[in-house]
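Participant:
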Amino acid sequence: MGKGYMGKVLFVDLSKGELKEETIPDEVYQKYIGGMGLAAYLLYNKIPANADPLGPDNIIGFLPGLLTGTGSFFTGRWMVAAKSPLTGSWGDANCGGSLSPAIKRCGYDGIFFSGISKKPVYLYIDHHTKELRDASEYWGKDAVEAEEMLIAASGSKKTRVACIGEAGEKLSLISGVSTDKGRMAGRSGIGAVMGSKKLKAIVLNGKKRIQVHDKAEMKHLSKLANKFVKFQVPLPNLMPGMAGILMRALPNAMAQDGMLYKMMLRKWGTVSMNQLSPEMGDSPIKNWMGSSKDWGFSKSYSTHPGKILKREKVKYHCYSCPLGCGGICSMKGKYKETHKPEYETVLALGGLCMNKDADSIFYLNEILNRAGMDTISAGAAAAFAIECYENGILTKKDTDGLELKWGNSKAITQLIEKMIKREGIGDLLADGVKKAAEKIGKGAEQYAIHAGGQELPMHDARNDPGFALHYTAEPTPGRHTLGAGLYYEMFQLWKVAKKLPKVLPLYMKGAKYKTDNEKAVMGATNSKFMSVVNSAGGCKFGMFIGAKRVRLFDWLNAATGWNKTPEEYLAMGENIQTIKQSFNVKHGIEPKNITVSDRVLGKPFQTEGANKGRTVDLEPVRSAYWSEFGWNPETGKPTPERMAEFTNP
Amino acid sequence: MGEYKTYRPKRKILKWLYLYVFMWFTGRAIKIAAKVDDEVKKEFDSIPNNFNVALEVLPYGPALVVGKTEDGKVQYLGSSTKDKKIDLRMIVHNIENAMQLFTFQESTAISFMRNRLYLDGEIPYAAAFVRVFDAVEVYLLPKIIAKLAVKRYPAWSLIRKLSGRVKIYLRAGIGV
Amino acid sequence: MYLPEYCEFLSPVQIASGHHVLEKIPGFLKALNAKRPLILADKGVTAAGLIGIVEDAIKDNVQIGAIDDDVPPDSDLKVVSRLSDVYRKNNCDAIIAVGGGSVLDTAKGLNILVSEDADNLMEFAGANKLKRPLKPFIAIPTTAGTGSELTMAAVIADHDNFIKILFGSRFLLPDIAIIDSRMTLTLPAFFTAATAMDAMTHAVESYICLQKNPLSDAHALSAISLISKNLLNVIRKPDDQEGRLLLAKAATLAGMAFSNSTVGIVHTLGHSVGGVCGVPHGTCMSIFLPYGLEYNYHLVNPFIAELLFPLAGPEVYADTPENKRAEKTIEYIRQLNQDLHDATGGRHARFLSEILNRDGEQMVKKSHFDAIARISIGDGTKFYNPEEIDYDDSMLVLEASWDGRPLNRNLVKKNA
Amino acid sequence: MSRTDYSDFLCPIKFCCGKLALETLPAELRVYNARKPLILFSNKAVINGLIDPVKQAFDDSEMVAGIYDGVPESPTLSTIRELSDIYIKNGHDALIAVGSGSVMNLAKVLNIVVSGEPGDLKTCQGEDKITKPLNPFFVVPEASATGLMANGSACIDNFSFTSRYLIPDYLAIDPRIVQQETVGVIIDAAMRALSSSSFAYTLPDTDYFIDPYAYLAIQTICENLIPVIENADSKKGFKDYLIMNDTEKGKMALVTASVIGGFISFCQPAGIVMRLSEALSEYCQLSSGILAGLLLPYGLEYAMLKEGYQTEKLLLALAGPDVYSRTPENERGKSAMGILRDIQDKLFHLTDGYIPRTLAGAGISENQFSEMIERMSQNDEGIDSKGCLSILNHAREGRPVSDI
Amino acid sequence: MAYSIIDECIGCGACRTLCPAGAITGEKEQVHVINKEFCIECGTCGRICANEAVEDGFGILCQRVKRKDWKKPVFNAGLCASCRTCVDTCPVGCISLSSSIVKKDPREYPFLEDPKACVSCGFCEADCPVDAITLEILSKETQAAA
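This is the structure we're talking about:
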């Protein structure tokens, strides 16, 4: 009688080089599910207060989701979590690829590293052995090369690797962890934590079986979900761009059904938004200064979905994903192929810096993946540098002779190459815009667009105020994956859980900016649901299809044998959110101080473009959001008794 | 060797509808009987205010929710117990047993005794509610059927029975 | 033989009976893989020295977690939560309850708290709220009569807001019930008579009420024959161990019978009189038993007739003609009450006005009748009585049983 | 102290018989918090069309049921492996066995495997080796149920298990299931139950907790066996659909009695008659149940003389209080045996000769008796071979046993 | 429950070389032993053992199946959601992906790359979320062609 999870985690002490297994009782899974929840529970208890993120006390964990490998769909994502050096708060990043089942097949629901190793090492686990091995010959290699060498060294084609590149080794605070030759877990600067511990990679090739409570029910639900994924309507390449223009023009907005976005994802992947978002005002342009006027249809034409699709050799599916939004594109120049750049990468390196040249974007995408640096933060840093240069804060001498002008793709490419090698201006920018602005001074803070240190992703709060709420109120600031007004519409949670606000099929755009309590409830439900999804290893693109079509809660019940209602799962999500916020409070973070610059909130509002005249009133919605979780509405901190619940005896 | 197939249970829609209509009508009849018949009124006085009683069929079946509001008025609160404050539940295990009860093959006491119906809440109020239920059945049904539904057919005067029956049928059926 | 259209029977409690059964408890604990039991009792039990007997029987091969004996006569929420702390502090893993109904009910409540490791009992109030078997629980009844070691219900009072909370679930039943003759050896004659009549009423009523079914009838018949054969000579010779054991077994059999075929009017009135005037349960039972039979006479007299055989034995049964047997049964029971009245020197009351408390006043007065009647029509056992009971019916029976004259049967309201 | 000193009794089965008994299955599963039962049907059950009533019992409930029909008559370990694979793969959490003894036996072994792990088959072998309660196990017996299911023992290939946790938790006897049955099978089950409960009822020192069960089994069989056989194939009139007629009630009562008989044979060591009839059934085509019925009066008389069995008590159960009170004290034993013998005669007439009046009719020769008794006395010495021989001879001539 | 080897084993070592989990140890001509902790119950040892010396968790002897009669996976591209579950769950890794299975469809679908390596354990068929894989005895030419 299986339970879906393995019941054990592995603790590796890099200072002493010891490996210790720890069994996790069933009650913990019943409360925190797995993945993000389990990581939050364990790290909250095991990382001492105000530990140095790059010191030995910080603990980094690699965790699969509970549903990974159980026969459910969209559940192949894995989590890496630690105290974030970039924001000083709870840091986590999640990524697809095929590493998640590999962790579980080694028999673990999580592998955690503490301490610092004297010399570079990597962890090797297969069916028989688990040990730390010397990684000095791989140290210095870029992520893709290191991965190929490690797989060859392991002698089996099925080995899965997660490793850091140069950026991580050089402790760049915006570096991440790469797997499958370029799938990135980039946010919260987790790569720097691995770099600080001298941990180059984890190499896994386990063979354990994953047992499930009710396999037939899992298949029944998966076939149901597959039916919706396979439903496809032919879509012309320029359709998204046209739709963007229409949505900008219309005064009212339509509640989105996830199936439309699913069909676009299945045909083009996330790049389908390359023209749609800038046109409707969802994408920030010219370091959040510009508007859809500056990045018109002609400028975004060079990276419109059809063009990207022409370069795509083959579609790429993450583990257990029937949708397949990824792809491998061929490239001219030094590197022959790269993972299809995501919408965030194209806009960060394109629209944000007004860089029209698609080839430079492809090349930058590949070198950033190889270096293991987060493409969003790199683009944001470049845009920040261009604006400082434009306003004279940075002179030609500071930029080692680079002409940092909007759209000068050659200069931007060289700047990012310098950032990877930490040379000159690159060393300044390699730790994110917040640290760079502090070092430069001279009023550069106003151009540094971030939330609590994390560079903002390519979704403009002025277009969907939900983003502003989730950028600032979440325990992990500056993330677009946790919730927004649009996400609540597509999740359709009110169809499975009782007492949730319904969304009108058609409503005026102005309604999005009202600060009534319903917005807070929607935001809170988003966060709770995404906590459960991230703990089960789920991918939000799958969940967009709709709660009644892709039934995550039924999968959880069938895999574990529990009999929990959707309301109980959302309550578990609330529990997980509260632990992350308690982690922040324990490490001295003041939630009310995490804000975004006024430029993002539309103060003063823009005079042209799609978000003309839009301002976002954040405070009332944020305190209502916090009280939804039972935290203190002013300070955003959970009550001490609530925090005491999580400390294990 | 045998072969295996899962059987996903079907819903008995006809029986559900029959019960739904019957419970709807009985519920309204109880509300009116509380006004018309003083014996029923006395029974309801013994039940505290803001107290809801539900005769519910597990797992999806219709329900009969009757209750007293704050100011003591008897109300028929519809046929579903979702998000209502229910103080006393009389739960029927499944729809077949409810059919036995409402086609009078078993009287209320007999189905209670055969553990088809069990109580979750204060017993004295349940006893009062069963007496009300029996009184309404005597009003609504002709003697030969009512005898099956009730343990002891009360010796009411003919006038009282007829007048009550007319009022209830009129008010419950057509009236508000 | 009576074959109903539908019936259920369940008595999943292991019964270990005999003279030296207490010594076997360590074996039972090991079978239930428990090592540190908590022994529960009430003041009366310790006063009678029964706790000493139990302790010596198991002391040398089982470590006793703790012994706690201040359980009040009617169990209470606060007592249960206090006991759960005692249980947890001594990390016990099983409960041994020694005593009557209230101790067993408290033990059931305690078992809910410690097995679900909750701290608010109210979450589990009502029927079928428990989902899993609880921790091991051994019951040692010391009053051969209540049979509460075999019922699936537990009633725990909440004295702050004066309500009685009912818990009903199959998992409340003890794993094992120990019937040891030493437990009832020192029970005084008056209590023996009262509890034995309580058991007799359980058996008789379970035979005539609506939930009558073949298995509970068989248990009831053997219970009645055991009690009627042994009661009087146990009263006369209290230290007769064999008789005590048979009476205890009869009480358990009656408990099995009535927990599947619930009792009727005698208990309806008995509970109300006990509630209003605080009269011991056994006494009310023996008084109302003949009246209960007379009240339901017109519906169940063939069954009453069948009771004559176990009650009076084959000779009397053969002598009385077919149609007179029901009358004879009722008269025999009245005669039994009379003999008990004489044997206990008048303490065993034959009718309501005779019930006296320790210092001799009349416990039940005519002024109580109204309150008793009103409460009785709300009692749970009322549903199971063959004939409907309303306010006037209970008043009629109370009046009749005030001075012991037989009930005038044609006054009883029949099906119009 | 005499034997009444210590007696240990447990009957954990919840009996539920009567109209709509099948509909109570979902409600009973809810008590055990089970949501997905696996229902096993024997081949015979499938032929008799028992699948539909059981399936409809789960209509309108929130439980998905797995139906596995056609359990082979003589199951082997590979059937257990296949079924446990189905049970685990589909996340079942309760077992319901419908049909005759062989399905119940298989279900018990399956329950051991699925509640723990396949290795338990080896560790839990033998007597009382199972330590913790197993998953819920319900039983819906057919009329041919031999009571085997109610006892706590099961065996498959060369594994045998006995434990109180193997006794089923719930027993649903429903008229729709009990209908179709051949007369011979009913008689076999009834006579087997009659002999095991008669021996339990007339024990020299009565066990007061087994008594009610035994009394009920004997009384039901005597009152209902003959009437049920007489109108076994009467068609159901319209009235019978609303209210159950007597033959239906009779059939249900007989099944209850045979289940209780099976349970009693698990509590009490097998009586002399049971062992003899098991051995005899190899020598002739009559089933062991019918042979037990034949040997019963003679076995009881022998037991009364040798070990002081209280056969006069038997008259109360056989004929009821009236006859019991009227017959004087000393003749009660004799008249009880008389009743048993004329039941045998009635069966002889009803089945027009198939069931012989005495052992002679069974066509077993003299020397086969002695050879059989030697074989029996090898494997358990407690056999008083002289006594057995005299029982068999008396049974053959139909002469009551008057002296040992 | 792990498999176990009984005394009839003649120590030929066929199972030791073939076991995908490397759970079997033993010298030549000695009775081999299956390490309970590593065994993934794929049943290969039971199928390959010439004189049937392997018992499964239930204690039932496994029947020997000649290698050519081993059932191998056949993939139904119409049902397949190309979710790579089978590639990951195969203990010997003989399934891999190729985008030339379905014409004009850039998606990668699974195919049996190395039929000889396949030990017919059936994990792919059991784990495929949409039951797109069936195990069949591959005819001569399909085995050669793949």
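Listed in order, the protein sequences are those of chains A, B, C, D and E.
Counting from 1, one number per residue, gives the positions in the first sequence under this note's numbering.
Counting from 1001, one number per residue, gives the positions in the second sequence under this note's numbering.
Counting from 2001, one number per residue, gives the positions in the third sequence under this note's numbering.
Counting from 3001, one number per residue, gives the positions in the fourth sequence under this note's numbering.
Counting from 4001, one number per residue, gives the positions in the fifth sequence under this note's numbering.
Glycine included, each C-beta is placed from N, C-alpha and C at the ideal position.
With DSSP as the reference, please indicate the residues paired to B:R1089 in a beta bridge.
Facilitator: Reading the second sequence from its first residue, position 89 is the one you call residue 1089 of chain B. The partner list for B:R1089 (beta bridge, DSSP) reads B:A1054, B:D1120.
Participant: Using Cβ-Cβ distances below 9 Å, what residues of the stretch 3076–3108 of chain D are close to chain E?
Facilitator: T3076, L3077, S3078, I3080, R3081, S3084, K3089
Participant: For chain C, check one thing: does any of its Cβ atoms lie closer than 8 Å to the Cβ of B:I1110?
Facilitator: Reading the second sequence from its first residue, position 110 is the one you call residue 1110 of chain B. Closer than 8 Å: yes.
Participant: What three-state label does DSSP hand C:P2141 in the structure shown?
Facilitator: Indexing the third sequence from 1 puts residue 2141 of chain C at position 141. Here C:P2141 sits in strand by DSSP.
Participant: Does the stretch 3265–3282 of chain D come within contact of the stretch 3190–3207 of chain D, defined as at least 3 CB pairs closer than 8 Å?
Facilitator: yes
Participant: Are A:G110 and A:L63 touching if we call contact CB-CB under 8 Å?
Facilitator: Counted from its first residue, the first sequence places residue 110 of chain A at position 110. Counted from its first residue, the first sequence places residue 63 of chain A at position 63. It is a contact, given that the beta carbons lie within the stated cut-off.
Participant: Considering only the beta carbon of each residue, do A:G165 and A:A371 sit closer than 8 Å?
Facilitator: Taking the first sequence and counting its residues from 1, the one referred to as residue 165 of chain A is at position 165. Taking the first sequence and counting its residues from 1, the one referred to as residue 371 of chain A is at position 371. For A:G165 and A:A371, yes; Cβs fall inside 8 Å.
Participant: Counting only beta-carbon atoms, is B:D1037 nearer than 8 Å to chain C?
Facilitator: On the second sequence, position 37 is the one that residue 1037 of chain B refers to. No - not a single Cβ of chain C is within 8 Å of the one on B:D1037.
Participant: Decide if A:T23 is buried, meaning its Cβ has at least 16 other Cβ atoms within 10 Å, or exposed.
Facilitator: As a first step, residue 23 of chain A must be located in the first sequence, where it is residue number 23. The residue in question, A:T23, is exposed, as its Cβ has fewer than 16 Cβ neighbours within 10 Å.
Participant: Assuming C:G2109 and C:T2146 form a contact by the criterion Cβ under 8 Å, report the distance between their Cβ atoms to the nearest whole angstrom.
Facilitator: Indexing the third sequence from 1 puts residue 2109 of chain C at position 109. Indexing the third sequence from 1 puts residue 2146 of chain C at position 146. The Cβ separation is near 16 Å, so there is no contact.
Participant: In three-state DSSP terms, what is D:C3017?
Facilitator: Taking the first residue of the fourth sequence as 1, we reach residue 3017 of chain D at position 17. The answer is strand: DSSP assigns D:C3017 an E or B state.
Participant: Rounded to whole angstroms, how far is the Cβ of A:T87 from the Cβ of A:P477, which I believe are closer than 8 Å?
Facilitator: Numbered from 1 along the first sequence, position 87 holds the residue referred to as residue 87 of chain A. Numbered from 1 along the first sequence, position 477 holds the residue referred to as residue 477 of chain A. That pair is a contact at about 6 Å.
Participant: Who are the near neighbours of A:S597 in its chain, counting only those whose CB is closer than 7 Å to its CB and skipping five residues on each side?
Facilitator: As a first step, residue 597 of chain A must be located in the first sequence, where it is residue number 597. Same-chain partners within the cutoff: Q446, I449.
Participant: Using a threshold of 8 Å, state whether the C-beta atoms of A:E342 and A:C329 are closer than that.
Facilitator: What you label residue 342 of chain A is simply residue 342 of the first sequence in a count that begins at 1. What you label residue 329 of chain A is simply residue 329 of the first sequence in a count that begins at 1. No, they are not a contact pair.
Participant: What residue does the alpha helix (DSSP H) around C:C2284 start on, and which one ends it?
Facilitator: Along the third sequence, read from residue 1 onward, the residue named residue 2284 of chain C stands at position 284. Here the alpha helix (DSSP H) through C:C2284 covers 2281–2295.
Participant: With a cut-off of 8 Å, does the C-beta of D:K3122 fall near any C-beta of chain E?
Facilitator: Here residue 3122 of chain D refers to the residue found at position 122 when the fourth sequence is read from its first residue. With a threshold of 8 Å between beta carbons, D:K3122 makes contact with chain E.
Participant: With a threshold of 16 other CB atoms inside 10 Å of the CB of D:D3093, please say whether the residue is buried or exposed.
Facilitator: Here residue 3093 of chain D corresponds to residue number 93 of the fourth sequence, with the count starting at 1. In this structure D:D3093 is buried. Its beta-carbon is surrounded by 16 or more other beta-carbon atoms within 10 angstroms.
Participant: Taking only the alpha-carbon atoms, compute the straight-line gap between D:E3105 and D:I3186 and give it to the nearest angstrom.
Facilitator: On the fourth sequence, position 105 is the one that residue 3105 of chain D refers to. On the fourth sequence, position 186 is the one that residue 3186 of chain D refers to. Sequence check: residue 3105 of chain D is Asn here, not Glu. In a straight line, the C-alpha of D:N3105 is about 19 Å away from that of D:I3186.
Participant: Look up A:W90 in the DSSP assignment and give the residues it is bridged to.
Facilitator: As a position in the first sequence, residue 90 of chain A is number 90, starting the count at 1. Answer is A:K83, bridged to A:W90.
Participant: Please classify B:V1021: is it buried, with 16 or more other beta-carbons within 10 angstroms of its beta-carbon, or exposed?
Facilitator: Locating residue 1021 of chain B in the second sequence gives position 21, counting from the first residue. Counting Cβ neighbours within 10 Å, B:V1021 comes out exposed, since fewer than 16 surround it.
Participant: For the 8 Å Cβ check, are there 3 or more pairs between the stretch 32–48 of chain A and the stretch 523–543 of chain A?
Facilitator: They touch, by the three-pair rule.
Participant: Please report the distance separating the alpha-carbon of C:Y2086 from that of C:I2051.
Facilitator: Residue numbering aside, residue 2086 of chain C sits at position 86 when the third sequence is read from its first letter. Residue numbering aside, residue 2051 of chain C sits at position 51 when the third sequence is read from its first letter. For clarity, residue 2086 of chain C is Val in the given sequence; the question names Tyr instead. Computed Cα separation, rounded: 18 Å.
Participant: Any Cβ of chain E within less than 8 Å of the Cβ of A:P64?
Facilitator: For the purposes of this step, residue 64 of chain A is taken as the residue at position 64 of the first sequence. No, because no Cβ of chain E sits closer than 8 Å to the Cβ of A:P64.
Participant: Cβ-heavy atom distance between B:E1056 and the ligand GDP below 7 Å?
Facilitator: With respect to the ligand GDP, the structure shown offers nothing to examine, as it has no ligands at all.
Participant: Taking the beta strand (DSSP E) that D:T3162 falls in, what are its first and last residues?
Facilitator: Mapped onto the fourth sequence, residue 3162 of chain D falls at position 162. Its beta strand (DSSP E) spans residues 3159–3162.
Participant: Does the CB of A:V9 have a neighbour CB from chain E at under 8 Å?
Facilitator: Mapped onto the first sequence, residue 9 of chain A falls at position 9. No, because no Cβ of chain E sits closer than 8 Å to the Cβ of A:V9.
Participant: How would you list, in chain order, the residues of chain B whose beta-carbon sits under 7 Å from the beta-carbon of D:T3024?
Facilitator: Your numbering for residue 3024 of chain D matches position 24 in the fourth sequence. Result: H1093.
Participant: Out of C:L2172, C:I2039, C:L2340, C:S2011, state which residue places its alpha-carbon closest to the alpha-carbon of C:K2129.
Facilitator: Residue numbering aside, residue 2129 of chain C sits at position 129 when the third sequence is read from its first letter. The residue with the shortest Cα to Cα distance from C:K2129 is C:L2172.
Participant: Compute the Euclidean distance between the alpha carbons of A:R462 and A:D282, then round it to the nearest angstrom.
Facilitator: If you number the first sequence from 1, residue 462 of chain A lands on position 462. If you number the first sequence from 1, residue 282 of chain A lands on position 282. Spanning the two alpha carbons is a distance of roughly 8 Å.
Participant: Which of helix, strand or coil does DSSP assign to D:Y3405?
Facilitator: Not covered by the structure: residue 3405 of chain D. The range shown for chain D is 3001 to 3404.
Participant: What is the rounded straight-line gap between the Cα of D:A3214 and the Cα of A:V212?
Facilitator: The sequence position of residue 3214 of chain D within the fourth sequence is 214, counting from 1. The sequence position of residue 212 of chain A within the first sequence is 212, counting from 1. Approximately 46 Å between the Cα atoms of the pair.
Participant: Which of helix, strand or coil does DSSP assign to B:G1173?
Facilitator: Your numbering for residue 1173 of chain B matches position 173 in the second sequence. Here B:G1173 sits in helix by DSSP.
Participant: Using a Cβ-Cβ distance cut-off of 8 Å, determine whether E:F4123 contacts chain D.
Facilitator: Reading the fifth sequence from its first residue, position 123 is the one you call residue 4123 of chain E. No, its Cβ sits nowhere closer than 8 Å to a Cβ of chain D.
Participant: Nearest to A:S72 by CA position, among A:L618, A:S320, A:F544, is which residue?
Facilitator: As a first step, residue 72 of chain A must be located in the first sequence, where it is residue number 72. Here the closest residue by C-alpha is A:S320.
Participant: Enumerate in chain order the residues of its own chain whose CB-to-CB distance from C:F2351 is below 8 Å, with the five nearest sequence positions on each side excluded.
Facilitator: Taking the third sequence and counting its residues from 1, one reaches residue 2351 of chain C at position 351. Result list for C:F2351: I2287, S2401, W2402, D2403, G2404, in chain order.
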